[in-house]
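What follows is one structure encoded as structure tokens, with my remarks underneath.
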Amino acid sequence: MTARAVELLDYHEVGHRKHAMPVSGDEAQRVAPARALANPPRIILADEPTAPLNSARARIVMNLLRRDRDRPERDHRRRHP
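FYI, in my numbering the residues of the sequence shown are 1267 to 1347.
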């Protein structure tokens, strides 16, 4: 596992599960943005990335995506402004 992957798992507070196979639905949803950013893609397609999350988790995900969007190699697009 790369250092970046560990960093992202810890950021989403699921680092304790990095070696475990079964994860809960909530944990899987929380880790999805980390998976999307672990191997820096040029484009991230995120259809309602915060829909099932509570407001605190949604803020974490949106802050992560905002922080990442200003990187020059990224092309972020939204369906709903």
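Note that the Cβ used here is the ideal one computed from N, Cα and C, for glycine as well.
| Item | Value |
| --- | --- |
| What residues are listed by DSSP as bridge partners for I1326? | For I1326, which the question treats as bridged, DSSP gives no partner whatsoever. |
| Do T1316 and A1304 have their C-beta atoms within less than 7 Å of each other? | no |
| Do you know offhand how far V1297's Cα is from H1278's? | 6 Å |
| So is A1300 in contact with chain C if we call contact Cβ pairs under 7 Å? | The structure shown contains no chain C; it is built from a single protein chain. |
| To the nearest angstrom, how far is the alpha carbon of P1307 from that of V1327? | 17 Å |
| Kindly indicate which residue of N1320, P1318, R1301, S1290 has the alpha-carbon position closest to the one of L1311. | R1301 |
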